[in-house]
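Under the numbering used here, the first residue of the sequence shown is numbered 418, with each subsequent residue one higher. Each residue gets a CB set at the ideal place from its N, CA and C atoms; glycine is no exception. It should be emphasised that the depicted structure is a prediction, and the values quoted were computed from it without experimental measurement.
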Amino acid sequence: GLGEAFVESVAPTRLTVDLAAIASNVVTFRRLIGSRTKLMAVVKARAYGTSSDRFELCCQLETYGVDAFGVAGADEGIRLRNAGVKAPIVVLLAEPAELDKIFRYGLTPNVYSSEMLAAVVTQTSPLRVHLEVDTGMHRAGFQPTEAIAALERISRAGHITLDGLMAHFASADDPNEDEFTRKQMAVFNEGASHLDRLKLFNVTRHAAATSAAVRFPESRMDMVRIGLGLYGVPVSHAVEEAVDLEGAIALVSRIVEDYWVAAGERIGYGGTFIAPEGGMRIGIVPVGYGEEVSRSFVKHGTVMVGTTQCPIVGRISMDSMAVDLSDASGTSGSEVVIFGYHNGVSVPLQDVAVALDTVPYELMTTVGSRVPRSYTHH
Numbered sequence: 418g419l420g421e422a423f424v425e426s427v428a429p430t431r432l433t434v435d436l437a438a439i440a441s442n443v444v445t446f447r448r449l450i451g452s453r454t455k456l457m458a459v460v461k462a463r464a465y466g467t468s469s470d471r472f473e474l475c476c477q478l479e480t481y482g483v484d485a486f487g488v489a490g491a492d493e494g495i496r497l498r499n500a501g502v503k504a505p506i507v508v509l510l511a512e513p514a515e516l517d518k519i520f521r522y523g524l525t526p527n528v529y530s531s532e533m534l535a536a537v538v539t540q541t542s543p544l545r546v547h548l549e550v551d552t553g554m555h556r557a558g559f560q561p562t563e564a565i566a567a568l569e570r571i572s573r574a575g576h577i578t579l580d581g582l583m584a585h586f587a588s589a590d591d592p593n594e595d596e597f598t599r600k601q602m603a604v605f606n607e608g609a610s611h612l613d614r615l616k617l618f619n620v621t622r623h624a625a626a627t628s629a630a631v632r633f634p635e636s637r638m639d640m641v642r643i644g645l646g647l648y649g650v651p652v653s654h655a656v657e658e659a660v661d662l663e664g665a666i667a668l669v670s671r672i673v674e675d676y677w678v679a680a681g682e683r684i685g686y687g688g689t690f691i692a693p694e695g696g697m698r699i700g701i702v703p704v705g706y707g708e709e710v711s712r713s714f715v716k717h718g719t720v721m722v723g724t725t726q727c728p729i730v731g732r733i734s735m736d737s738m739a740v741d742l743s744d745a746s747g748t749s750g751s752e753v754v755i756f757g758y759h760n761g762v763s764v765p766l767q768d769v770a771v772a773l774d775t776v777p778y779e780l781m782t783t784v785g786s787r788v789p790r791s792y793t794h795h
C-alpha cells in the first residue's frame, strides 16, 4: 500500500510485519483451541520488537478477536490503554509501587510474590488480579503449598477479585521434557482444585503458551497465551510439525552500493576476508550491530538477495555489512532479506537463532528502535 511504499522510499532497512499473516495465525489458534477457550496475546517488549510506539499491531489484534493482552510492566499496559486497547491487560511482573497506576488505568496485576500479595490486600481500591503458581520453572510465582495460603488470603479480602490463576511451562517445546511438562501440569491442577472450596469462582486458569497450546491439548484450560505463535515463528521443530502457521515478520534491507573487488584485496575491518583469485563483486547492505544485526551474525553466514543465498564477507560494521554477489543477479537497489519471511523468501528465524546460539525472541527484540516497522497486508 501507500504506507509501505512511503516507508520503503525513505528507509532501506525495515522490520516488516505482515498483519494478514498474523490475522491468519490468530484464526489458526482459535480453531485449535475452540471457542470456549480465551486467547491472550503476549505483547511485552513492544510485542517482541514488532510494534512501534503507537502500538498499531496491538489495536489490530483486538479486532482479530484476541480476548486479553499480557505485558511485563505497568507502563507497557498504560501505553496500550492510551493506544485505545479496551480488552483486559494482565501485567505479568508488576511491582507493588505500581498498584496505584494499575488501578487508575484498569489493568490487572499478576500476584507472583509475597511482597506483591501484601501490597494487593492492604491497598483499599477494588482490584481484579491473577495469581501465579510456580510449578517447577522457578522464575516467578508461589510454591504450591504457599499458593493455597495466598488463595485463602485473597478470598478473605473483600475488595480483591481473583480473575485468573496461572503458571508457566519451562520446556513445553521439547519432546524430551514432556514428562516434566506433564508434572508441571499436575501440580497446577492440584492448586486449581482448591478454588471452589475457597468460593473463588469464574477464575480463568491459564498455563499454556504457544508450545504447550499446540502440543498439549489438555493444557489449554480456560485461556492460552500466544507470543511467538502470532508471528508464525515456531520455538522448536516439534512445534513446527504440530501446527501450520504463516511467517509474519522479516528484517529487510537493500543493497546501497555494489562494485568489483580485485583478487587479493582485503574487505572490512581487520582485513579478515581476502578476495579470491579472479576477484569478486560485493554489495554493501546498510545493516550493522548499531541496532539491527550483531557481529555474531556472521555465524549464520548468509543473507538472501532475491532468491539467492549470498555469503557475508568480512566483519559486520556498526552500520553496514558486505555480501558476496558473485552468484546473484542483484545490484544496487536490490532487496535483501536478513531473516524472516518476505515476498516468498524464507529465512527461518529459528535456523538463524540456532546458528547464533540464541532464540528467536532475542533476534526479534534486539532490532533497534531506529529501524522503522513496516505494516503490510500481503
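CB-CB length for residue i against residue j, believed under 8 Å
{"i": "Thr-525", "j": "Asp-484", "result": "Between Asp-484 and Thr-525 the Cβ distance is about 12 Å, and since that is not below 8 Å, they are no contact."}
{"i": "Met-697", "j": "Asp-768", "result": "The Cβ separation is near 25 Å, so there is no contact."}
Contact set for residue i: own chain, Cβ-Cβ below 8 Å, skip 5 residues either direction
{"i": "Ser-711", "result": "Ile-733, Leu-773 and Thr-783"}
{"i": "Ala-589", "result": "Thr-598, Ala-625, Ala-626, Ser-628, Ala-629, Arg-632, Phe-633 and Ser-636"}
Strand pairing of residue i, partner residues [DSSP]
{"i": "Phe-756", "result": "Leu-668"}
{"i": "Thr-578", "result": "Arg-545"}
{"i": "Cys-727", "result": "Val-720"}
{"i": "Asp-741", "result": "Ile-699"}
{"i": "Val-550", "result": "Phe-559"}
{"i": "Met-583", "result": "Glu-549 and His-623"}
Contacts around residue i, its chain only, beta-carbon distance under 7 Å, and the 5 residues preceding and following it disregarded
{"i": "Glu-473", "result": "Tyr-792"}
{"i": "Val-367", "result": "Here the chain covers residues 418 to 795 and nothing more, so residue 367 does not appear."}
{"i": "Ala-491", "result": "Val-508, Ala-511, Glu-515, Lys-518, Ile-519 and Leu-524"}
{"i": "Arg-496", "result": "Phe-472"}
{"i": "Leu-419", "result": "With a pLDDT of only 44 at Leu-419, under 50, the local geometry of the prediction cannot be trusted, and no value is derived from it."}
Continuous beta strand (DSSP E) stretch holding residue i: start and end
{"i": "Ile-439", "result": "Element bounds for Ile-439: not the beta strand (DSSP E) but the alpha helix (DSSP H), 436-450."}
{"i": "His-623", "result": "621-623"}
{"i": "Asp-595", "result": "Note, Asp-595: premise wrong, no beta strand (DSSP E); alpha helix (DSSP H) at 595-609."}
{"i": "Met-781", "result": "Unbroken run through Met-781 is the alpha helix (DSSP H), 777-782; no beta strand (DSSP E)."}
{"i": "Leu-568", "result": "No beta strand (DSSP E) holds Leu-568; the alpha helix (DSSP H) holding it covers 561-573."}
{"i": "Thr-480", "result": "Counting along the chain, Thr-480 falls outside any beta strand (DSSP E), though it belongs to the alpha helix (DSSP H) covering 473-481."}
{"i": "Asp-675", "result": "674-678"}
For residue i, the three-state DSSP class (helix, strand or coil)
{"i": "Thr-689", "result": "coil"}
{"i": "Ser-531", "result": "helix"}
{"i": "Phe-520", "result": "helix"}
{"i": "Arg-698", "result": "strand"}
{"i": "Lys-461", "result": "helix"}
{"i": "Glu-493", "result": "helix"}
{"i": "Pro-526", "result": "strand"}
{"i": "Val-788", "result": "coil"}
Cutoff 6 Å; reference residue i; Cβ partners in own chain excluding five residues on either side
{"i": "Thr-775", "result": "none"}
{"i": "Asp-435", "result": "Ala-665, Thr-793 and His-795"}
{"i": "Gln-477", "result": "Leu-436"}
Bounding residues of the alpha helix (DSSP H) (the contiguous stretch that carries residue i)
{"i": "Ala-796", "result": "Coverage of the chain is limited to positions 418 through 795, which leaves residue 796 absent and any answer about it impossible."}
{"i": "Thr-430", "result": "Note, Thr-430: premise wrong, no alpha helix (DSSP H); not H, not E."}
{"i": "Ala-485", "result": "Looking at the DSSP string, Ala-485 is not in any alpha helix (DSSP H); the run it does join, the beta strand (DSSP E), is 485-488."}
{"i": "Val-650", "result": "Taken as a continuous stretch (DSSP letters only), Val-650 belongs to no alpha helix (DSSP H), as it is neither H nor E."}
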